[in-house]
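Mapping of the sequence shown onto the working numbering: position 79 corresponds to residue 79, and the numbering continues sequentially without gaps. Ideal Cβ positions, reconstructed from N, Cα and C, are used throughout, including at glycine.
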Amino acid sequence: MLVRTETVRQSPSTPAVVRVHCAVGTAVVHWQGPPDGPGAEHHVEWTVEEDITWAANTRPAASPTPKLSQDAGSVVFRGRLSLTEDSVAVLDMGGALILFDLAGPRPPDGADGSWIEVHVGRDRVSVWPYLP
């Protein structure tokens, strides 16, 4: 996913915190690239260190459109859900594929292919730059 980043906070001992702007929204997350990376456009991969827990941090989306946003210290991902046989969920957020593990009971019947929102603590989300 192509994003534009701007530094929010940078410290020599921890990953920089950046505001990510992309075609589907904006959020503040950790930057896992080189120190001189923030402040430019990058192709990134998303890493989310939190599982999908249906009805806790995950629910059906009110709108069938991809979106990235923030809500009270959480990053909100909205996209189309794909479930695999081995308890892995893939969220397609505007062409960016984000992998999640499933915690607790499996999502309800009919969830595969549906639009969902996943709310994740900001400190659990990182972007990693790559060359396409």
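My guess is that I98 and F77 are in contact by the Cβ rule of under 8 Å, so how many angstroms apart are they, rounded? 6 Å
Let's test the definition: count the other Cβ atoms within 10 Å of the Cβ of V48 and tell me whether it reaches 16, buried, or not, exposed. buried
Could you tell me which whole alpha helix (DSSP H) segments of length 4 or greater appear in the segment 14-52? none
Roughly how many angstroms separate the alpha carbons of A96 and D36, rounded to a whole number? 24 Å
In three-state DSSP terms, what is R4? strand
My output table needs one value for R122: the three-state DSSP class, helix, strand or coil. helix
Output the distance between the C-alpha atoms of Y130 and E45, rounded to the nearest integer angstrom. 7 Å
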